[in-house]
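S.K.:
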Amino acid sequence: MKIILDKKGSSQLHKFREILINEIINKYPKFDKNLSNIHKYIKYNEVNDLRINLFKKINKSNWEKKLKELLGQDLIKIIGPDISIQTKLNLSILMPNDKTSLLPMHSDTWSADSPFQINSWIPLTDTFDSNSMYLLDEKQSINALKKISKLKIDNKNIFKNIKVKRKDFINLEFGKILIFNPTLIHGNVINKTHSTRVSLNIRFKSLFSPEPKNNPDRQFGAYYKDFVISKNTNFALSILKNNKF
Ligand SMILES: [Fe+2]
Numbered sequence: 082m083k084i085i086l087d088k089k090g091s092s093q094l095h096k097f098r099e100i101l102i103n104e105i106i107n108k109y110p111k112f113d114k115n116l117s118n119i120h121k122y123i124k125y126n127e128v129n130d131l132r133i134n135l136f137k138k139i140n141k142s143n144w145e146k147k148l149k150e151l152l153g154q155d156l157i158k159i160i161g162p163d164i165s166i167q168t169k170l171n172l173s174i175l176m177p178n179d180k181t182s183l184l185p186m187h188s189d190t191w192s193a194d195s196p197f198q199i200n201s202w203i204p205l206t207d208t209f210d211s212n213s214m215y216l217l218d219e220k221q222s223i224n225a226l227k228k229i230s231k232l233k234i235d236n237k238n239i240f241k242n243i244k245v246k247r248k249d250f251i252n253l254e255f256g257k258i259l260i261f262n263p264t265l266i267h268g269n270v271i272n273k274t275h276s277t278r279v280s281l282n283i284r285f286k287s288l289f290s291p292e293p294k295n296n297p298d299r300q301f302g303a304y305y306k307d308f309v310i311s312k313n314t315n316f317a318l319s320i321l322k323n324n325k326f
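Basically the numbering used here = 1-based index in the sequence shown + 81.
#1: Go through the segment 201 to 234 residue by residue and report every complete run of the alpha helix (DSSP H) that reaches 4 residues or more, in order.
#2: Contact between the segment 106 to 119 and the segment 149 to 164: three or more CB pairs below 8 Å?
#3: Assuming ILE199 and ARG98 are in contact, meaning their beta carbons sit under 8 Å apart, how far apart are those beta carbons, in whole angstroms?
#4: Here's the rule I'm using: 16 or more other beta-carbon atoms within 10 Å means buried, otherwise exposed. How should SER192 be labelled?
#5: Measuring CB to CB, does LEU86 end up less than 9 Å from ILE251?
#6: Exposed or buried, which one is TYR304 when buried takes at least 16 other CB atoms within 10 Å?
#7: Determine whether the beta carbon atoms of ILE105 and TYR125 lie at a separation below 9 Å.
#8: Rounded to the nearest angstrom, how far is the Cβ of LEU288 from that of ILE164, given a contact under 8 Å?
#9: Pop quiz: SER290 and SER195 are said to be a contact at Cβ under 8 Å. What is the actual Cβ separation, rounded to whole angstroms?
#10: Can the beta-carbon of LEU183 be found closer than 9 Å to that of LEU135?
#11: Any chance the CB of LEU184 is under 8 Å from a heavy atom of ligand 1?
#12: According to DSSP, simplified to helix, strand and coil, what is HIS275?
#13: Please state if the CB of ASN129 and the CB of ILE271 are separated by a distance shorter than 9 Å.
#14: Using only CA atoms, which one of MET176, SER92, LEU175, LEU131 lies nearest to TRP144?
#15: Using only the alpha-carbon positions, how far apart do LEU205 and ILE320 sit?
#16: Closer than 7 Å by C-beta to LYS306: which residues in its own chain qualify, once you throw out the five before and the five after it? Chain order, please.
#17: In terms of alpha-carbon separation, which member of ASN282, LYS111, VAL245, HIS267 lies closest to SER201?
#18: Helix, strand or coil: which one does DSSP assign to GLY90?
#19: Measuring CA to CA, which of PHE308, SER188, SER211 is closest to GLU150?
#20: Closest by CA to SER222, which one among ASP207, SER213, PRO263?
#21: Between ARG132 and SER213, how many whole angstroms is the CB-CB distance? I'm expecting something under 8 Å.
#22: What residue from LEU94, LYS138, LYS147 has the CA that sits closest to ASN107's CA?
Okay, structure coming up:
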């Protein structure tokens, strides 16, 4: 499941970008306000601290409201009218040749995430080639997952047989958003472009999808919270709360 949404007209994306730019300028006053150029102002050993600062800043902003406006109606069409959202908005920065920010090939179900969830990947810069993420298609992902569960072999042995092709990288202009089921195999590689990629990501799932059995960390309350609740479900929940059946 992979959908690309065109949100070029949305002011919310610009607001997210402004929050980050202002925070970077606080620490690096010469910054030219172009997130693709972060690497020109920041050393590799500073990027993790910057990422943590920006993560804190953006999570203190009214990000849930912005996302509701940006994605609410699209998400309702994809996973239904009652939606829970991950408790924190995640932020990635991938500078050219930075070997410390790599996300190895994986499927989120390997960390006991629910296969019912979807991930939104929201670039705040243009993403292309190796500064982007790759996402394998359903056929490749299902085959790899089948092999892993049947043979119970080490995941790394499977990776050796999976070749990531150039077409597997997600090329998006700023303003476009990728929605995908993170059961599909994905990851990133060393950014060999001359452009830093900055992206947000956050997961959603139907409030009524089954809770993952093997990992309490991934359950509602710890990992997810309410996002959009339909009128009927709100009514039903108030009935359950106030009455003993
Ligand atoms: Fe992932």
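We put the beta carbon where it would ideally sit given N, CA and C, even for glycine.
Because the structure is a prediction, the values reported are computed rather than measured.
M.R.: Taking the geometry as given:
#1: 219 to 232
#2: no
#3: Between ARG98 and ILE199 the Cβ distance is about 23 Å, and since that is not below 8 Å, they are no contact.
#4: exposed
#5: no
#6: buried
#7: no
#8: 6 Å
#9: 6 Å
#10: no
#11: yes
#12: coil
#13: no
#14: SER92
#15: 42 Å
#16: SER165, ILE166, THR168
#17: ASN282
#18: coil
#19: PHE308
#20: PRO263
#21: Incorrect: roughly 18 Å between the Cβ atoms, too far for contact.
#22: LYS138
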